[in-house]
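Let me begin by presenting the structure, written as structure tokens, before commenting on it.
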Amino acid sequence: MKGAYPFALAGVAWIAIGTWAEARRASLQEDNPALRAGIEADLASRYCPGLRIDPERFRSFGQAHGLSHEDFFIKRRSAGLKQSIAATTQRLRQTPGSACDRLWADYGTAGHAAQLLKRMQ
Numbered sequence: 324m325k326g327a328y329p330f331a332l333a334g335v336a337w338i339a340i341g342t343w344a345e346a347r348r349a350s351l352q353e354d355n356p357a358l359r360a361g362i363e364a365d366l367a368s369r370y371c372p373g374l375r376i377d378p379e380r381f382r383s384f385g386q387a388h389g390l391s392h393e394d395f396f397i398k399r400r401s402a403g404l405k406q407s408i409a410a411t412t413q414r415l416r417q418t419p420g421s422a423c424d425r426l427w428a429d430y431g432t433a434g435h436a437a438q439l440l441k442r443m444q
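Sequential numbering of the sequence shown, starting at 324, is according to our numbering.
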């Protein structure tokens, strides 16, 4: 029993340090600014009736900004981006009409730099 105590203590210390380091990394991480646009466009395609991702534009947008599928959907995000995306998701659930209108204006209207959405007929 005495021999297991140091190993258990080392395990607890390892977990504590890992948890602290992950929280610090998330708070200091800077995301590619284009990442938010791609994620918000994806949310619009999920929550807004009639709006869908334009695959060609989304692909070329990602390539132009050096982003891949992994960046949008698999990699860890900064704490700030997580909060921003959570707020957008909450708005889409609470007031879908105005939130969808804002996302369409940001990512769907002609002349905007990040045209990632299209309307489905």
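Glycine is no exception: its CB is placed at the ideal position from the N, C-alpha and C atoms. Only a predicted model underlies this, so the values are computations on that prediction, with no experimental measurement involved.
Given 8 Å as the limit, is there contact between the stretch 407-417 and the stretch 332-340, that is, 3 or more CB pairs closer than that? no
What's the C-alpha gap between Glu353 and Ser401? So the two alpha carbons sit approximately 6 Å from each other.
Proximity below 8 Å, CB of Gly431 to CB of Leu374: yes
Identified DSSP bridge partners for Leu366: None, per the DSSP bridge assignment.
Ile340 - DSSP class collapsed to helix/strand/coil: helix
Asp440 versus Gly361: straight-line alpha-carbon distance, rounded: Correcting the residue type first, residue 440 is Leu in the shown sequence and not Asp. Going from the Cα of Leu440 to the Cα of Gly361 covers about 10 Å.
What does DSSP give as the partner residues of Ile376 in its beta bridges? When DSSP reads this structure, Ile376 sits in a beta bridge with Leu440.
Should Thr368 be labelled buried (16 or more other beta-carbon atoms within 10 Å of its own) or exposed? The displayed chain sequence assigns Ser, not Thr, to residue 368. Buried is the call here.
Out of Asn355, Pro329, Asp377, Ala331, state which residue places its alpha-carbon closest to the alpha-carbon of Met443. Asp377
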